[in-house]
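All residue numbers for the sequence shown refer to numbering that gives the first Met the number 0, where the first residue is 0 and numbers rise by one. Taking it in order: structure first as structure tokens, then the write-up.
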Amino acid sequence: MASRQEASRTKAAPRRTVSRDDLIEAAIALVEREGLDALTMRRLAAELDRAPMSLYTHVRNRDDLVDAIVGRLIERLELREVPGEPWQETVRRTLRSYRDLAVQLPHSFELLALAPYDTSPVAPHLVAVVASLERAGLGAAEARQILGIVDAYATGFLVVWARSRTAERPGAAGTAPPEVSGMRDLDTFDQGLEALIAGLDATLVRGAAASGA
């Protein structure tokens with residue numbers, strides 16, 4: 000049995016310092032467990048057993064916290080460039096990474112998918128993807144246009160898919176009529192991606208080359 004002195008030392012032991020990484024990971028876990036509406040500075044502080052004001056050591060406000068989460072999600076995409084691959088494969092690999100992230104973190108994914116292009120974590124990411132498309136053989140204007148189109152496709156499809164996965168609708172499972180069954184599953188996303196790549200190749204890349212010739 001511990002002595003009174005030992006018990007006193009145990010109670011007085013300092014708590015582990017919460018880092019910025021701890022803050023971001025706790026925020027993502029909170030969002031995935033309770034949804035985006037639960038993400039407040041007060042709620043996150045309670046999760047970490049800290050005073051709300053202590054969080055402002057690491058982030059300026061909730062918007063800054065959201066930017067930090069978006070930055071962490073971009074890191075999780077792990078978009079490693081493959082030298083020599085055609086632009087079609089770069090697009091395919093990039094959008095499949097978005098799809099996989101939506102599967103892993105459906106609530107948090109929406110923060111990345113709907114983040115404005117000019118925010119600090121998103122802009123450098125998009126610049127890097129455009130550069131990789133240029134190295135894969137596209138012109139600068141083509142790369143920007145194609146990325147804008149495929150990003151809009153992925154955002155629209157995957158946000159709706161993620162919301163349908165996370166919506167709490169008791170008794171709703173299996174009620175969709177057979178005529179629309181499968182319209183929003185991930186196989187359809189992959190098929191749509193292939194059709195989109197083929198269409199972009201035919202109209203924006205080959206079509207433009209033929210017109211120029």
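Note that CB positions come from ideal geometry on N, CA and C, so glycine has one too. Quick caveat, the model's predicted, so the values are computed rather than measured.
Which stretch, first to last residue, makes up the alpha helix (DSSP H) that contains Leu-47? Locating residue 47 in the sequence shown gives position 48, where the first residue counts as 1. Counting along the chain, the unbroken alpha helix (DSSP H) around Leu-47 starts and ends at 40 to 47.
Answer yes or no: does any C-beta atom of chain C fall closer than 8 angstroms to that of Ile-27? Here chain C cannot be found, since the structure has a single protein chain.
For the segment 127 to 143 against the segment 40 to 50, do three or more pairs of beta-carbon atoms, one drawn from each stretch, fall closer than 8 angstroms, so that the two count as touching? no
Pull up the distance between the alpha-carbon of Ala-161 and that of Phe-108, whole angstroms please. Here the question's residue 161 lines up with position 162 in the sequence shown. Here the question's residue 108 lines up with position 109 in the sequence shown. Ala-161 and Phe-108 have their alpha carbons spaced roughly 8 angstroms apart.
Spatial distance of Ser-96 from Ile-73 (CA atoms): Against the sequence shown, residue 96 aligns to sequence position 97. Against the sequence shown, residue 73 aligns to sequence position 74. Each residue's alpha carbon lies about 10 angstroms from the other.
Please state if the CB of Ile-23 and the CB of Arg-90 are separated by a distance shorter than 8 angstroms. Taking the sequence shown and counting its residues from 1, one reaches residue 90 at position 91. Taking the sequence shown and counting its residues from 1, one reaches residue 23 at position 24. The question names Arg, yet the displayed sequence has Val at residue 90. No.
In angstroms with no decimal places, state the Cα-to-Cα distance between Leu-35 and Arg-134. Indexing the sequence shown from 1 puts residue 35 at position 36. Indexing the sequence shown from 1 puts residue 134 at position 135. When rounded, the distance between both Cα atoms is 37 angstroms.
If you run the structure through DSSP and keep just helix, strand and coil, what is Leu-78? Against the sequence shown, residue 78 aligns to sequence position 79. DSSP places Leu-78 in coil when its eight states are reduced to three.
Closest Cα partner of Arg-71 within the set Glu-88, Leu-104, Thr-56 and Gln-87: Stepping through the sequence shown from its first residue, residue 71 is reached at position 72. The option with the nearest alpha carbon to Arg-71 is Leu-104.
Which residue comes first and which comes last in the alpha helix (DSSP H) that contains Asp-36? Position 37 of the sequence shown, counting from 1, holds the residue named residue 36. Where Asp-36 is concerned, there is no enclosing alpha helix (DSSP H), given that its DSSP letter is neither H nor E.
Any idea if Val-81 is buried or exposed, counting beta-carbon neighbours within 10 angstroms, 16 or more meaning buried? Position 82 of the sequence shown, counting from 1, holds the residue named residue 81. Exposed.
C-beta atoms of Val-69 and Leu-111 nearer than 8 angstroms: Translated into positions along the sequence shown, residue 69 becomes position 70. Translated into positions along the sequence shown, residue 111 becomes position 112. Yes, these two residues count as a Cβ contact at 8 angstroms.
How big is the Cα-Cα spacing for Leu-192 and Arg-42? Residue mapping note: residue 192 aligns to position 193 of the sequence shown, counting from 1. Residue mapping note: residue 42 aligns to position 43 of the sequence shown, counting from 1. Those two C-alpha atoms are separated by around 38 angstroms.
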